[in-house]
Amino acid sequence: MVYVIAVHMEGGTQHEHIASVRWRDPADGKSDVATRATMVDWIKKGGDARVNDGRNEVQVGVVDGNPPYLRTFADGKPTDNLLALPRF
1226 MVYVIAVHME GGTQHEHIAS VRWRDPADGK SDVATRATMV DWIKKGGDAR VNDGRNEVQV
1286 GVVDGNPPYL RTFADGKPTD NLLALPRF
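Position 75 of the sequence shown, counting from 1, maps to 1300 under this note's numbering, and the rest follow consecutively.
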């Protein structure tokens, strides 16, 4: 499991424009950057990515757009937690 801690946007401000994410593994403290495509593939293969704002923790999922993109979901409903993260 990893936490997405920041997003890099390209060409706009919506979920479809998240080009890459900075993530952190709470188990070992490792942090790195992944492209949208890499994170989409990792999640589709069973990877667990989440956003934690200090009060709530929500799952990062994949929306099957063209191309597929990342979005958070709480109780099966889409949320904007990724868009609230810091930019890098």
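Even glycine gets a Cβ: it sits at the ideal position worked out from N, Cα and C. Note that this is a predicted model, so its numbers are computed, not measured.
- Classified as exposed, R1312 has fewer than 16 neighbouring CB atoms from the shown chains inside 10 Å of its CB.
- Residue burial is scored here from C-beta neighbours: T1297 has at least 16 other C-beta atoms within 10 angstroms and is therefore classed as buried.
- Distance check between R1275 and each of H1233, P1251, T1238 and H1242 places P1251 closest, using alpha-carbon atoms only.
- The alpha carbon of L1310 has as its nearest neighbour, out of V1288, G1279 and K1302, the alpha carbon of G1279.
- Within 10 angstroms of the beta-carbon of N1281 lie fewer than 16 other beta-carbons, which makes it exposed.
- When only Cα atoms are considered, G1237 and G1254 end up about 30 Å apart.
- For the options G1301, A1262 and K1270, the alpha carbon positioned closest to that of Q1284 is the one of G1301.
- For E1235, same chain residues with a beta-carbon under 8 Å away, outside a window of 5 residues either side, are H1242 and A1244 in chain order.
- Looking at Q1239, H1240 and S1256, the one whose alpha-carbon comes closest to that of R1247 is S1256.
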